[in-house]
Amino acid sequence: MLILLDRDGVLNEDRSDFVKSPDELVILPGAAEAVARLKKAGHEIAIVTNQSCIGRGIITGDILDSIHRKLLSAIREKGGDIDAIYIAPDAPWEASENRKPGAGMLLQAMERFRKSPKQAILIGDALRDLQAAQKAGCHRVLVQTGKGRKTQKEGLPHGLMPVSVARDLDEAVTFVEEGRFAA
Ligand SMILES: [Mg+2]
Numbered sequence: 028m029l030i031l032l033d034r035d036g037v038l039n040e041d042r043s044d045f046v047k048s049p050d051e052l053v054i055l056p057g058a059a060e061a062v063a064r065l066k067k068a069g070h071e072i073a074i075v076t077n078q079s080c081i082g083r084g085i086i087t088g089d090i091l092d093s094i095h096r097k098l099l100s101a102i103r104e105k106g107g108d109i110d111a112i113y114i115a116p117d118a119p120w121e122a123s124e125n126r127k128p129g130a131g132m133l134l135q136a137m138e139r140f141r142k143s144p145k146q147a148i149l150i151g152d153a154l155r156d157l158q159a160a161q162k163a164g165c166h167r168v169l170v171q172t173g174k175g176r177k178t179q180k181e182g183l184p185h186g187l188m189p190v191s192v193a194r195d196l197d198e199a200v201t202f203v204e205e206g207r208f209a210a
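Start counting the sequence shown at 28; every next residue gets the next number (the numbering used here).
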């Protein structure tokens, strides 16, 4: 399967003022280990992340790279890896189809890894993650970390169903292991 991971609120703590430096990147408990489990099971893993902090001029691409180097090294330390990172740098007022809820990043990843929608699972904490997954036609899991509880509490539109709800990335990976999303 192709596992499409939202970043903030799934792998690391979500910050309303954006992760602006490696120091502000705080990996969620068990997240790196969960990625390692996915990798060991042979899944392909791509991060699909909106980073409007670039389009808003808050951080540069170089700083984002350094943040991702820290994220990757934390994941590799636990024996995991990420196969690709897709970034939508668009500011909300000039959003392309890549910025979620657009499906652009998901479709690019599915094409690159030659996976059909039924072979792809998006794991995210925000409504727009689920909307992007629905547009791409892939499976969707809402984690309760980050914005997840708030997203759940606000109610998920019926059109987005089915959505599986997991406590965190660790439990979402258990869903994957149990084959709940097998095509
Ligand atoms: Mg998020």
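Even for Gly, the Cβ is constructed at its ideal location relative to N, Cα and C.
Problem set entry | Val-168 Cβ short of 7 Å to ligand 1 heavy atom set | For Val-168, the distance from the CB to the nearest heavy atom of ligand 1 is not below 7 Å.
For this session: Give me the Cβ distance between Asp-117 and Ile-72, rounded to the nearest whole Å; I'm assuming they're in contact under 8 Å.
Result: The C-beta distance from Asp-117 to Ile-72 rounds to 23 Å, too long to fall under 8 Å, and the pair is not in contact.
Exercise. Shortest alpha-carbon distance to Asp-35 belongs to which of Val-190, Leu-196, Leu-187 and Lys-162?
Worked result: Among Val-190, Leu-196, Leu-187 and Lys-162, the Cα nearest to that of Asp-35 is on Leu-196.
Exercise. Looking at C-beta atoms only, is the number of pairs between the stretch 50-70 and the stretch 88-107 that lie closer than 8 Å three or more?
Worked result: Taking one beta carbon from each stretch, the stretch 50-70 and the stretch 88-107 have 3 or more pairs nearer than 8 Å; the two touch.
Problem set entry | Coarse secondary structure for Glu-198, derived from DSSP in three states | Glu-198 falls in the helix class under three-state DSSP.
For this session: Determine the DSSP secondary structure at Leu-183, reduced to helix, strand or coil.
Result: The answer is coil: DSSP assigns Leu-183 none of H, G, I, E or B.
Problem set entry | CB-CB length for His-95 against Ile-112, believed under 8 Å | The beta carbons of His-95 and Ile-112 sit about 6 Å from each other, so the pair counts as a contact at 8 Å.
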